[in-house]
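Mapping to numbering that gives the first Met the number 0: the sequence shown position 367 is 366, numbers consecutive. Everything below concerns the one structure shown next.
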Amino acid sequence: MRGRWRALILGTGFSPTAEPFRGILAALGATAAEYRATMAPASGSLWPGRSWADPDPDADAESYAFSATMNEAYTRLRTMAEAYAQPGTGLTGDAGLRDAVLTGLDHLNAEVYHERTTRYGNWYNWQIGAPQALMDTCVLMYDHLPAERIAAYCRAVDAFVPDSVFASYTGTSTGANRVDLCRGVVLRGIVGRDPAKIALASRALEPVFPYVTSGDGFYADGSFVQHRNVPYIGGYGAVLHDGVGRLLALLRGSSWAVTGPGTQLFLDTIEKAVAPFLYNGLMMDNVSSRGISRMGTSDHQRAHGLMATILLVGQGASAEENARWRAMVKGWLRRDYHYPALADPGLSLVRASLLQRLQDDTSVRAAPEPVEHRLFPQMARATHRRRGWAASLSMASNRIAHYEFGNGEHARGYHTGAGWLSWWGDDFGLEQYSDAYWPTVDPYRLPGITASRKPLADGEGGNWGQPMPDAAWVGGTTDGEFAAVGQHLKGLSSTLDARKSWFCLDDSVVCLGAGITATDGHAVETTFDNRALGTAGAPALTVDGRTQPVTQGWTGTFAEASWAHIAGQAGYVFPGGARLGAV
Numbered sequence: 000m001r002g003r004w005r006a007l008i009l010g011t012g013f014s015p016t017a018e019p020f021r022g023i024l025a026a027l028g029a030t031a032a033e034y035r036a037t038m039a040p041a042s043g044s045l046w047p048g049r050s051w052a053d054p055d056p057d058a059d060a061e062s063y064a065f066s067a068t069m070n071e072a073y074t075r076l077r078t079m080a081e082a083y084a085q086p087g088t089g090l091t092g093d094a095g096l097r098d099a100v101l102t103g104l105d106h107l108n109a110e111v112y113h114e115r116t117t118r119y120g121n122w123y124n125w126q127i128g129a130p131q132a133l134m135d136t137c138v139l140m141y142d143h144l145p146a147e148r149i150a151a152y153c154r155a156v157d158a159f160v161p162d163s164v165f166a167s168y169t170g171t172s173t174g175a176n177r178v179d180l181c182r183g184v185v186l187r188g189i190v191g192r193d194p195a196k197i198a199l200a201s202r203a204l205e206p207v208f209p210y211v212t213s214g215d216g217f218y219a220d221g222s223f224v225q226h227r228n229v230p231y232i233g234g235y236g237a238v239l240h241d242g243v244g245r246l247l248a249l250l251r252g253s254s255w256a257v258t259g260p261g262t263q264l265f266l267d268t269i270e271k272a273v274a275p276f277l278y279n280g281l282m283m284d285n286v287s288s289r290g291i292s293r294m295g296t297s298d299h300q301r302a303h304g305l306m307a308t309i310l311l312v313g314q315g316a317s318a319e320e321n322a323r324w325r326a327m328v329k330g331w332l333r334r335d336y337h338y339p340a341l342a343d344p345g346l347s348l349v350r351a352s353l354l355q356r357l358q359d360d361t362s363v364r365a366a367p368e369p370v371e372h373r374l375f376p377q378m379a380r381a382t383h384r385r386r387g388w389a390a391s392l393s394m395a396s397n398r399i400a401h402y403e404f405g406n407g408e409h410a411r412g413y414h415t416g417a418g419w420l421s422w423w424g425d426d427f428g429l430e431q432y433s434d435a436y437w438p439t440v441d442p443y444r445l446p447g448i449t450a451s452r453k454p455l456a457d458g459e460g461g462n463w464g465q466p467m468p469d470a471a472w473v474g475g476t477t478d479g480e481f482a483a484v485g486q487h488l489k490g491l492s493s494t495l496d497a498r499k500s501w502f503c504l505d506d507s508v509v510c511l512g513a514g515i516t517a518t519d520g521h522a523v524e525t526t527f528d529n530r531a532l533g534t535a536g537a538p539a540l541t542v543d544g545r546t547q548p549v550t551q552g553w554t555g556t557f558a559e560a561s562w563a564h565i566a567g568q569a570g571y572v573f574p575g576g577a578r579l580g581a582v
């Protein structure tokens, strides 16, 4: 089983001298070489300036940072171990790199990650991040680890991830977190030759699969929620699918194989929950929450990993399901002209090899995007797909948060539940939300939203506050192709109150607003759209037949606009006329 997990870490069936693998391997080797060159074990650290020694250990922000550094150290050692084990890195089998990894493991175990340490900072780093990286590294370096070192590392994992974490399906042991915990314990069982640990973790996966009616997990309508009230299929949902997919592959055919009735429910989520939010090689941002604020990531990059995960999960599905999913993924690969998955330097070797094999498989015909409407009332989201374009709607309710702020991330996502309407063309606009859109967009003017101009503090609602409006009327109805969707909109930390409706039709989305009021003296705006200019500059804007200036910084106001058009993108119709501002 160590060999099987090793393959799931390193990938198989690819040529290290062929692209994109040669480039990925070279980058891995360069990163590992830098880590080795700068590693300098000292009291409280493995790398200069990267201390885990918290002078006042507790659960405050400073302690979060110190615990993250401990986790980071293990992650760096795993990277070094991968470079040692992989061909084509320039460091394959390098004795100096091997010794550096072993030294680092011993140093961390002696200084911080052992059974005598009291946990501080972020629980995740101690129970998920560090155990996974440590056990992965042990699998890769197993032949070079004395039995007493393996035993010491296993005791550390046992101390921070005791069997009791699986005693109930609550708190931090639900959804994607439960899957991550299971992964760490399964590997601890494999590395430590402890069948009871493997069996425990295999059983502990079972509560993840059944549909839930509240809180974290999958819902019958395809919704996926994490952190009680945050739609997260593009974030924690992706982690969950990757984790379950790997564990199913690892345990398949063994006495610990996951084969219960809930397994099919999980497989069903590929088409019910994941696929509706993937479009032409991107993952729609409105189910990624904090993920959209992270530097160096994009909607396309989030999709790349998920597409590979679907292929991995498909290996344990029925032949019919696997064939459908492979055709679906191949279509996404083919149609992503903006950021093709196999051009992503951040793609792991495992994922790249899965995607490359599919791309090279001439027996698989690419499936087109479906023409459909999918409504997700349990997480206040909707997707509308037509021939040539797609749109996605994001709302908030007394069940679903306006947004999530935590770990310093997504501090200005306040209005992402205020009727945010994203859209893409099939052969244009795939770059729309990728090119540094989120760090530069006005958070009070997201496309489609109605919002107060009242200034809000970064992280309004509190760290992990996940504020929800007192509004129950949020949802809609659909025949599977068209839909009527409505939202009772109540503003975050404002007196804004409104009713919004969307009629999702064949060639348009009709957007209506009524009863829009606010009594706190702050203006209220509805933003019809907010398009990125792109490197070519502003496309021509035409209002009522007149082309408007395209000079940077131009603004205009139109008292009774009947229609507007952005060249090469979309048209907007205002029946009866509307006061329109252009910025």
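Glycine included, each C-beta is placed from N, C-alpha and C at the ideal position.
Q: Grab the span of the beta strand (DSSP E) containing VAL509 for me, first residue to last.
A: Along the sequence shown, one-based indexing puts residue 509 at 510. Run containing VAL509: 508-516, per the beta strand (DSSP E) assignment.
Q: Decide if GLY416 is buried, meaning its Cβ has at least 16 other Cβ atoms within 10 Å, or exposed.
A: The residue given as residue 416 occupies position 417 in the sequence shown. Flag for GLY416 reads buried.
Q.
Whole angstroms are fine: how far does the CA of ALA6 sit from the CA of GLY252?
A. The residue you call residue 252 lines up with position 253 of the sequence shown. The residue you call residue 6 lines up with position 7 of the sequence shown. Going from the Cα of GLY252 to the Cα of ALA6 covers about 16 Å.
Q: Give every residue of the same chain whose Cβ lies closer than 8 Å to the Cβ of VAL138, excluding the five residues on either side of it in the sequence, and list them in chain order.
A: If you number the sequence shown from 1, residue 138 lands on position 139. The answer, listed in chain order, is ARG1, TRP4, ARG5, ILE8, LEU186, ILE189, VAL190.
(Q) Going residue by residue through the segment 246-286, where are the continuous alpha helix (DSSP H) segments of at least 4 residues, counting only ones entirely within it? (A) Every alpha helix (DSSP H) of 4 residues or more that sits fully in the segment 246-286 is shown, in chain order, as 261-268.
Q. Taking buried to mean at least 16 other C-beta atoms within 10 Å of its own C-beta, is GLY403 buried or exposed?
A. As a first step, residue 403 must be located in the sequence shown, where it is residue number 404. One point to set straight first is that residue 403 is Glu, not Gly, in the sequence displayed. That one is buried.
(Q) If I follow the unbroken beta strand (DSSP E) through HIS303, where does it start and stop? (A) Within the sequence shown, residue 303 is the residue found at index 304, counting from 1. It is not in any beta strand (DSSP E) - HIS303 instead sits in the alpha helix (DSSP H) that spans 298-313.
**Q.** Residue burial classification, GLN486 (beta-carbon count within 10 angstroms, cutoff 16)
**A.** Counted from its first residue, the sequence shown places residue 486 at position 487. Answer is buried; the Cβ neighbour count reaches 16.
Q. Taking 8 Å as the CB-CB cut-off, is GLY520 touching chain D?
A. Of the protein chains in this structure there is only one, and it is not chain D.
Q: Could you name the residues of the same chain whose beta carbon sits closer than 7 Å to that of ARG77, not counting the 5 residues immediately before and after it, in chain order?
A: Looking up residue 77 in the sequence shown gives position 78. Excluding positions up to five away in sequence, the list reads ALA132, ASP135, THR136.
Q | Boundaries of the alpha helix (DSSP H) in which VAL349 is found, first to last residue | A | Counted from its first residue, the sequence shown places residue 349 at position 350. That run of the alpha helix (DSSP H) goes 348-359.
**Q.** C-beta atoms of ALA592 and ILE23 nearer than 8 Å
**A.** Only positions 0 to 582 of the chain appear in the structure, and residue 592 is not among them; the question remains open.
**Q.** Whether ASN285 touches MET467 by CB criterion (8 Å)
**A.** Residue numbering aside, residue 285 sits at position 286 when the sequence shown is read from its first letter. Residue numbering aside, residue 467 sits at position 468 when the sequence shown is read from its first letter. No.
Q: Let me know the beta strand (DSSP E) ranges lying completely inside the segment 525-558, each 3 residues or longer, listed in chain order.
A: List check, beta strand (DSSP E) in window: 540-542.
**Q.** Length at least 4, wholly inside the segment 436-487: the alpha helix (DSSP H) runs in chain order
**A.** Complete alpha helix (DSSP H) runs here, min 4: 436-439.
(Q) Taking the straight line between their C-alpha atoms, what separation do you get for GLY567 and ALA535? (A) Translated into positions along the sequence shown, residue 567 becomes position 568. Translated into positions along the sequence shown, residue 535 becomes position 536. Taking the straight line joining both Cα atoms gives about 12 Å.
Q: Identify which residue in ALA272, LEU266, ARG245, ASN176 has its Cα closest to the Cα of GLN225.
A: Walking along the sequence shown from the start, residue 225 turns up at place 226. Ranking ALA272, LEU266, ARG245, ASN176 by CA distance to the CA of GLN225 puts ASN176 first.
Q. Going along the chain, which residues of its own chain have a beta-carbon closer than 6 Å to the beta-carbon of LEU579, five neighbours each way excluded?
A. As a working note, residue 579 is residue 580 in the sequence shown. Taken in chain order, the residues that qualify are PHE557, ALA560.
Q. If you drop the 5 nearest sequence neighbours on each side, which residues of the same chain put their C-beta closer than 7 Å to that of TYR235?
A. Sequence index remark: in the sequence shown, residue 235 carries index 236 (1-based). Annotation for TYR235: GLY174, ALA175, GLN225 place their beta carbon closer than 7 Å to its own, counting only its chain and skipping 5 residues before and after.
**Q.** Euclidean distance between Cα positions of HIS303 and TRP422
**A.** Translated into the one-based positions of the sequence shown, residue 303 becomes position 304. Translated into the one-based positions of the sequence shown, residue 422 becomes position 423. Approximately 19 Å between the Cα atoms of the pair.
Q.
Just to confirm my understanding: we take THR74, look at its own chain, exclude 5 residues before and 5 after, and list those with CB closer than 6 Å. What are they?
A. If you number the sequence shown from 1, residue 74 lands on position 75. Excluding the 5 residues flanking it on each side, THR74 has same chain C-beta neighbours closer than 6 Å at ALA132, in chain order.
Q) With a CB to CB cut of under 6 Å and the five nearest residues on each side skipped, what residues in its chain are close to SER42? A) In the sequence shown, the residue the question calls residue 42 occupies position 43. Same-chain partners within the cutoff: there are none.
(Q) Between which two residues does the beta strand (DSSP E) holding SER393 run? (A) Translated into the one-based positions of the sequence shown, residue 393 becomes position 394. Boundaries of the beta strand (DSSP E) around SER393: 388-394.
Q) Taking Cβ to Cβ, would you say ARG385 is nearer than 8 Å to VAL370? A) On the sequence shown, residue 385 is found 386 positions in, with the first residue counted as 1. On the sequence shown, residue 370 is found 371 positions in, with the first residue counted as 1. Yes. Within cutoff.
(Q) Here's a check: name, in chain order, each residue in its chain whose Cβ is nearer than 7 Å to the Cβ of ILE565, leaving out the five neighbours to either side. (A) Counting from one through the sequence shown, the residue named residue 565 turns up at place 566. Hits under 7 Å: ARG530, PRO538, LEU540.
**Q.** Cβ shell of SER297 (< 6 Å), same chain only, five flanking positions each side left out
**A.** Here residue 297 refers to the residue found at position 298 of the sequence shown. Cβ within range, chain order: SER433.
Q.
I need the straight-line Cα distance from PHE65 to PRO47, nearest angstrom please.
A. By one-based count along the sequence shown, residue 65 stands at place 66. By one-based count along the sequence shown, residue 47 stands at place 48. If I take the Cα positions, the gap works out to 14 Å.
Q: Please go through the same chain and pick out, in chain order, the residues whose beta-carbon is closer than 7 Å to the beta-carbon of TYR336, but skip the five residues on each side of it.
A: Residue mapping note: residue 336 aligns to position 337 of the sequence shown, counting from 1. The beta carbon of TYR336 is closer than 7 Å to those of LEU429 in its chain, skipping five residues each way along the sequence.
(Q) Which residues does DSSP list as the beta-bridge partners of GLY418? (A) Position 419 of the sequence shown, counting from 1, holds the residue named residue 418. According to DSSP, residue pairing for GLY418 in a beta bridge does not occur.
Q: State the beta-bridge partners of ARG77 as determined by DSSP.
A: Within the sequence shown, the letter at position 78 stands for residue 77. Its beta-bridge partners do not exist; DSSP assigns none.
Q.
Looking only at its chain, what residues have a beta carbon closer than 7 Å to the beta carbon of GLU320, apart from the 5 residues adjacent to it on each side?
A. Along the sequence shown, one-based indexing puts residue 320 at 321. Counting only Cβ-Cβ distances below 7 Å, and skipping sequence neighbours, we find LEU266, GLY313.
Q. Below 8 Å between beta carbons: does that hold for LEU420 and LEU353?
A. Here residue 420 corresponds to residue number 421 of the sequence shown, with the count starting at 1. Here residue 353 corresponds to residue number 354 of the sequence shown, with the count starting at 1. Going by C-beta atoms, LEU420 is not nearer than 8 Å to LEU353.
Q: Specify, as a first and last residue, the run of the alpha helix (DSSP H) that PHE375 falls within.
A: Within the sequence shown, numbered from 1, the residue matching residue 375 stands at position 376. For PHE375, there is no enclosing alpha helix (DSSP H); the enclosing beta strand (DSSP E) has its first and last residue at 371-375.
Q: Reducing DSSP to helix, strand and coil, say where SER50 ends up.
A: For the purposes of this step, residue 50 is identified with residue 51 of the sequence shown, where counting begins at 1. In this structure, SER50 counts as strand in the three-state DSSP scheme.
Q) Using the C-alpha atoms, what's the distance from VAL572 back to SER507? A) Within the sequence shown, residue 507 is the residue found at index 508, counting from 1. Within the sequence shown, residue 572 is the residue found at index 573, counting from 1. Rounded to the nearest angstrom, the two C-alpha atoms are 10 Å apart.
**Q.** the segment 373-392 / the segment 332-346 touching (three or more Cβ pairs under 8 Å)
**A.** Contact fails: fewer than three Cβ-Cβ distances are below 8 Å.
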